[in-house]
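Only one structure is covered here, and it is reproduced in the block below.
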Amino acid sequence: MISSTTMDLVSLASEVCPKAPPGADQPVADITGYVIWGVRVLLGLGLLTGVGGVVAGRVFSMPHASKVAIIGIVVVLGAAIALLVLPGILDGVSGSGCVNVPGVNGTPAPSPTGK
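For the sequence shown, position 112 (counting from the first letter as 1) is numbered 113 according to the numbering used here, and the numbering increases by one without interruption.
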């Protein structure tokens, strides 16, 4: 049995959606931009290092070094793909962050008697 006080508390809690504090949008955008820029630089350095490893392995007749460098290039490309795909997946899972509870925003609420 759900009491009306419980339903009122649930209704109040479900109407609150998470949002950043005032003035936090610009610093968060700046930090996110710096992080993305840094990750792109690291991906570029990883590709450059991998290509250099392949060339050095071929020049100095070290086939194992070339194989490891190719694996490194594949890992960097996999990380680049993950960088593009994972934000969409996380956004899909988390959604807007608001809780949808029956009895709020026009959806029917359960009766207090449980029937």
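All C-beta atoms in this analysis are idealised placements derived from N, C-alpha and C, irrespective of residue type, glycine included. The structure displayed is predicted, hence computed values, not measured ones.
Below 8 angstroms CB to CB, which residues in the same chain sit around VAL56 once its five sequence neighbours on both sides are set aside? The residue labelled residue 56 in the question sits at position 55 within the sequence shown. Once the five neighbours on either side are set aside, VAL56 has no close Cβ partner at all.
Are at least three pairs of beta-carbons, each pair with one atom in the segment 22-30 and one in the segment 54-74, less than 8 angstroms apart? Contact fails between the segment 22-30 and the segment 54-74, because fewer than three Cβ pairs, one in each stretch, are under 8 angstroms apart.
With GLY51 and ALA70 assumed to form a contact (beta carbons below 8 angstroms), what rounded beta-carbon distance in angstroms separates them? Numbered from its first residue, the sequence shown carries residue 51 at position 50. Numbered from its first residue, the sequence shown carries residue 70 at position 69. Right, their Cβ atoms sit about 5 angstroms apart.
Tell me where the alpha helix (DSSP H) around PRO28 begins and ends. Residue 28 sits at position 27 when you count from the first residue of the sequence shown. In the DSSP annotation of this structure, the continuous segment of the alpha helix (DSSP H) that includes PRO28 starts and ends at 26-60.
Evaluate VAL129 with the Cβ neighbour count: other Cβ atoms within 10 Å of its Cβ, from every protein chain shown; 16 or more gives buried, anything less gives exposed. Beyond the ends of the chain as shown, which are 2 and 116, falls residue 129; an answer cannot be given.
Here's the rule: buried if 16 or more other CB atoms are within 10 angstroms of the residue's CB, otherwise exposed. What is VAL75? Taking the sequence shown and counting its residues from 1, the one referred to as residue 75 is at position 74. It is exposed - the Cβ of VAL75 has fewer than 16 other Cβ atoms within 10 Å.
I need the DSSP call for GLY98, collapsed to helix, strand or coil. Position 97 of the sequence shown, counted from the first residue, corresponds to residue 98. DSSP places GLY98 in coil when its eight states are reduced to three.
Within 10 angstroms of its Cβ, does GLY89 collect 16 or more other Cβ (buried), or is it exposed? Position 88 of the sequence shown, counted from the start, is the residue given in the question as residue 89. The residue is exposed, with fewer than 16 neighbouring Cβ atoms inside 10 Å.
By the three-class DSSP mapping on this structure, what secondary structure does ALA70 have? One-based indexing of the sequence shown puts residue 70 at position 69. Helix, per DSSP.
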